[in-house]
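Presented below is the structure to which this report refers.
Number of protein chains: 4
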Amino acid sequence: MTDPLVRDALRAFVAEREWAQFHTPENLAKSISIEAAELLECFQWNADADTDAVKEELADVLTYCLLLADRLGVDPDQIVLDKLELTRTKYPADRARGRSTKYDAL
Amino acid sequence: MTDPLVRDALRAFVAEREWAQFHTPENLAKSISIEAAELLECFQWNADADTDAVKEELADVLTYCLLLADRLGVDPDQIVLDKLELTRTKYPADRARGRSTKYDAL
Amino acid sequence: MTDPLVRDALRAFVAEREWAQFHTPENLAKSISIEAAELLECFQWNADADTDAVKEELADVLTYCLLLADRLGVDPDQIVLDKLELTRTKYPADRARGRSTKYDAL
Amino acid sequence: MTDPLVRDALRAFVAEREWAQFHTPENLAKSISIEAAELLECFQWNADADTDAVKEELADVLTYCLLLADRLGVDPDQIVLDKLELTRTKYPADRARGRSTKYDAL
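Protein chains in written order, with our numbering: chain A, 84 to 189; chain B, 84 to 189; chain C, 84 to 189; chain D, 84 to 189.
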């Protein structure tokens with residue numbers, strides 16, 4: 084179960100600023116893509132990146148993910164575990180071991 | 084604190100398939116962007132989207148975020164809380180209330 | 084056929100700065116995603132955006148697209164026309180008219 | 084000047100399918116990000132990618148870029164050249180030569 088501490092801290096933060104009005108699922112989805120690209124930018128020209136910058140950008144992506152999960156009324160940990168079960172069947176360990184091949188080409 | 088249950092389930096899943104070799108920080112950052120766009124695709128032509136599809140795509144983004152956090156040796160909840168403190172100073176409640184304006188234009 | 088003027092201007096610009104070394108196809112693909120998100124950011128919280136900002140960000144996406152096309156030795160106009168023919172068969176006008184449905188659900 | 088052939092081919096294609104209604108600047112911006120990520124996916128786990136797949140995904144990004152340029156009433160070649168002049172001042176050749184450093188750290 085996701086720690087309610089972070090969820091509650093985010094709710095309070097958003098409420099204080101009356102920002103919930105902007106947090107439609109679509110706007111949150113756009114925000115996740117925007118922040119994901121800022122994370123990617125740490126690696127734009129090379130594989131090594133400044134670790135502090137990576138952590139900060141990752142935090143931004145996670146923040147919007149948690150806001151969207153809350154908006155949808157789902158537990159982020161639970162949907163990750165649910166999806167893992169689906170992925171388990173798409174990528175049986177004996178076939179997928181050591182291979183980055185997409186499931187439809189396994 | 085993030086629930087170790089999900090982190091451990093992901094570690095086991097990756098280990099069974101010998102996939103850690105592909106999970107460089109850069110590849111994980113690319114994956115987060117790729118999945119973020121699949122989430123965005125639920126809203127490509129309209130603001131309303133199939134909720135089950137949104138949950139599944141959000142789960143994919145979160146999964147890669149958790150993998151990257153683990154790879155960097157950070158607690159996802161902690162970096163979100165740390166970043167929230169930074170954002171608190173950039174967006175003082177009295178100035179930011181009800182406004183979606185970026186901090187450098189507040 | 085794409086106007087060689089722009090292609091040549093970009094080649095000269097890159098050569099002057101000895102930047103071709105950074106322009107691997109992968110780095111250019113990352114750059115296209117990064118710039119695409121900066122374009123998307125113009126619309127982060129609303130459907131209306133500052134037109135000048137949109138034009139500038141669109142120019143950045145196009146620039147990296149043209150650099151990648153050149154790197155791959157393809158004519159950008161030609162690959163667009165080639166893809167259009169493929170899309171024509173996936174979305175026959177009589178079935179696709181007025182519908183944003185993806186081809187596999189038509 | 085951009086070849087009107089491609090612009091006109093796209094206009095005809097969109098008109099036949101009555102798709103202009105979906106092509107708001109925001110939806111086109113979302114589409115560009117979505118296609119950019121499909122291009123990035125060619126490189127998800129490695130630096131080498133299937134060239135045909137890369138060309139096809141690049142064509143999709145370019146297509147939406149051209150649709151957006153047309154929607155905004157701008158010539159794609161012209162905005163690229165205009166932006167190049169701006170970038171020229173941000174990255175003077177003598178300072179930027181051989182360096183991938185962002186302009187604010189030059």
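Backbone N, C-alpha and C define an ideal beta-carbon position, used for all residues, glycine too.
#1: Please go through the same chain and pick out, in chain order, the residues whose beta-carbon is closer than 8 angstroms to the beta-carbon of residue 147 of chain B, but skip the five residues on each side of it.
#2: Round the Cβ separation of residue 90 of chain D and residue 149 of chain D to the nearest angstrom and send it over; I've been treating them as touching at under 8 angstroms.
#3: Go ahead and pull the three-state DSSP assignment for residue 104 of chain B.
#4: Assuming residue 174 of chain A and residue 100 of chain B make a contact with CB atoms under 8 angstroms, what is their CB distance in whole Å?
#5: Alpha helix (DSSP H) containing residue 94 of chain A: first to last residue?
#6: Is residue 166 of chain C close to chain B, meaning its C-beta is less than 9 angstroms from at least one C-beta of that chain?
#7: Taking just the CA atoms, how far does residue 106 of chain A sit from residue 152 of chain A?
#8: Is there a Cβ from chain A that is less than 9 angstroms from the Cβ of residue 185 of chain C?
#9: Counting only the same chain and skipping the five closest in sequence on each side, list residues whose C-beta sits under 8 angstroms from that of residue 140 of chain B.
#10: Check whether chain C comes within 9 angstroms of residue 114 of chain B, counting only Cβ atoms and requiring the distance to be less than that.
#11: Residues of chain D with CB under 7 angstroms from residue 107 of chain C, in chain order?
#12: Please list the residues of the stretch 120 to 145 of chain B that have a C-beta atom closer than 8 angstroms to any C-beta atom in chain D, keeping them in chain order.
#13: Determine, using beta carbons only, whether residue 188 of chain D comes closer than 9 angstroms to chain C.
#14: Should residue 145 of chain D be labelled buried (16 or more other beta-carbon atoms within 10 Å of its own) or exposed?
#15: Rounded to a whole number of angstroms, what is the C-alpha to C-alpha distance between residue 154 of chain D and residue 87 of chain D?
#16: Less than 9 angstroms separating the beta-carbons of residue 92 of chain B and residue 169 of chain A?
#17: Measure the C-alpha to C-alpha separation of residue 98 of chain C and residue 102 of chain A and round it to an integer number of angstroms.
#18: Does the beta-carbon of residue 136 of chain D have 16 or more other beta-carbons within 10 angstroms, so that it is buried, or is it exposed?
#19: Can you pull the chain D residues whose beta carbon is under 9 angstroms from the beta carbon of residue 103 of chain C, in chain order?
#20: Check this for me: beta carbons of residue 108 of chain D and residue 130 of chain C, under 9 angstroms apart or not?
#21: For residue 125 of chain C, which three-state DSSP category applies?
#22: Which value, in whole angstroms, describes the spacing of the CA atoms of residue 171 of chain C and residue 182 of chain D?
#23: When the cut-off is 9 angstroms and only beta carbons count, does residue 170 of chain C lie next to chain D?
#24: Tell me which residues of the stretch 146 to 164 of chain B have at least one Cβ-Cβ distance to chain D shorter than 8 angstroms, keeping chain order.
#25: Roughly how many angstroms separate the alpha carbons of residue 180 of chain B and residue 127 of chain C, rounded to a whole number?
#26: Going along chain C in order, which residues have a C-beta closer than 9 angstroms to the C-beta of residue 91 of chain D?
#27: In angstroms, rounded to a whole number, what distance separates the CA positions of residue 177 of chain A and residue 158 of chain A?
#28: Does residue 94 of chain D have its Cβ less than 9 angstroms from a Cβ in chain C?
#29: Could you give the distance in angstroms between the alpha-carbon of residue 138 of chain C and the alpha-carbon of residue 96 of chain C?
#30: Only counting the same chain, and skipping five residues up and downstream in sequence, which positions put a Cβ closer than 8 angstroms to that of residue 133 of chain B?
#31: Does DSSP classify residue 189 of chain B as helix, strand or coil?
Taking the coordinates as given:
#1: Closer than 8 angstroms at Cβ, skipping near neighbours: 111, 114, 115 and 118.
#2: 7 angstroms
#3: In the structure shown, residue 104 of chain B falls within a helical segment according to DSSP collapsed to helix, strand and coil.
#4: 6 angstroms
#5: 87 to 99
#6: no
#7: 11 angstroms
#8: For residue 185 of chain C, the closest Cβ of chain A is not nearer than 9 angstroms.
#9: These residues qualify, in order along the chain: 118, 121, 122, 124 and 125.
#10: Taking Cβ atoms only, chain C never reaches closer than 9 angstroms to residue 114 of chain B, which makes this a no.
#11: 130
#12: 120, 121, 123, 124, 126, 127 and 128
#13: At a cut-off of 9 angstroms, the C-beta of residue 188 of chain D has no neighbouring C-beta in chain C.
#14: buried
#15: 14 angstroms
#16: no
#17: 46 angstroms
#18: exposed
#19: The premise fails here: residue 103 of chain C is roughly 10 angstroms from chain D at the closest Cβ pair, so nothing lies under 9 angstroms.
#20: Yes.
#21: coil
#22: CA-CA distance, residue 171 of chain C to residue 182 of chain D, rounds to 43 angstroms.
#23: yes
#24: none
#25: 17 angstroms
#26: Here the premise fails: no neighbours, minimum Cβ distance about 11 angstroms.
#27: When rounded, the distance between both Cα atoms is 31 angstroms.
#28: no
#29: 20 angstroms
#30: Taken in chain order, the residues that qualify are 125.
#31: coil
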